[in-house]
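To start, the structure itself, in structure tokens.
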Amino acid sequence: DEPNRTMVSIKCVSRRKARRAHFQAPSHVRRILMSAPLSKELREKYNVRAMPVRKDDEIRVRRGSFKGKEGKVTACYRLKWVIHCDKVQREKANGTTVNIGMHPSNVEIVKMKLSGNRKRIL
Numbered sequence: 093d094e095p096n097r098t099m100v101s102i103k104c105v106s107r108r109k110a111r112r113a114h115f116q117a118p119s120h121v122r123r124i125l126m127s128a129p130l131s132k133e134l135r136e137k138y139n140v141r142a143m144p145v146r147k148d149d150e151i152r153v154r155r156g157s158f159k160g161k162e163g164k165v166t167a168c169y170r171l172k173w174v175i176h177c178d179k180v181q182r183e184k185a186n187g188t189t190v191n192i193g194m195h196p197s198n199v200e201i202v203k204m205k206l207s208g209n210r211k212r213i214l
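One rule links them: number in this note's numbering = place in the sequence shown (from 1) + 92.
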């Protein structure tokens with residue numbers, strides 16, 4: 093009579109095997125691994141510390157050169173372990189703007205897009 097587990101964790105003692113499992117993880121496992129902490133207000137409201145990031149969530153950058161910027165998630169690039177935000181961009185030499193990828197652990201979710209699946213998780 094095992095409870096329904098939503099957390100996918102990599103169970104291994106060996107550093108080599110744990111790293112291998114992490115970096116070769118399939119997309120559905122990467123979704124959980126690419127979770128971001130919630131802001132203090134959301135944490136008190138939902139009593140949850142972190143959630144997998146999804147498109148249309150609003151985030152605040154906590155680390156790096158874009159620290160303090162807020163914006164909306166435009167893409168979650170699971171293959172590259174990054175998320176793209178509409179406000180975090182830079183200009184290339186030829187003048188085009190490109191999104192800068194950042195790891196979800198370096199941002200915090202300020203406003204969540206609540207879908208049916210998300211409500212069930214909370």
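Glycine is no exception: its CB is placed at the ideal position from the N, C-alpha and C atoms.
At a Cβ-Cβ threshold of 7 Å, K179 and G160 do not count as neighbours. Spanning the alpha carbons of G156 and H176 requires a straight line of approximately 14 Å. A contact is defined here as three or more CB-CB pairs under 8 Å, and the region 125 to 141 fails this definition with respect to the region 180 to 188. Sequence-distant partners of K137 (beyond 5 residues in either direction) whose C-beta falls short of 7 Å from its own C-beta are missing from its chain.
In the structure shown, the three-state DSSP call for R152 is strand. Secondary structure at H120: helix, using DSSP grouped into helix, strand and coil.
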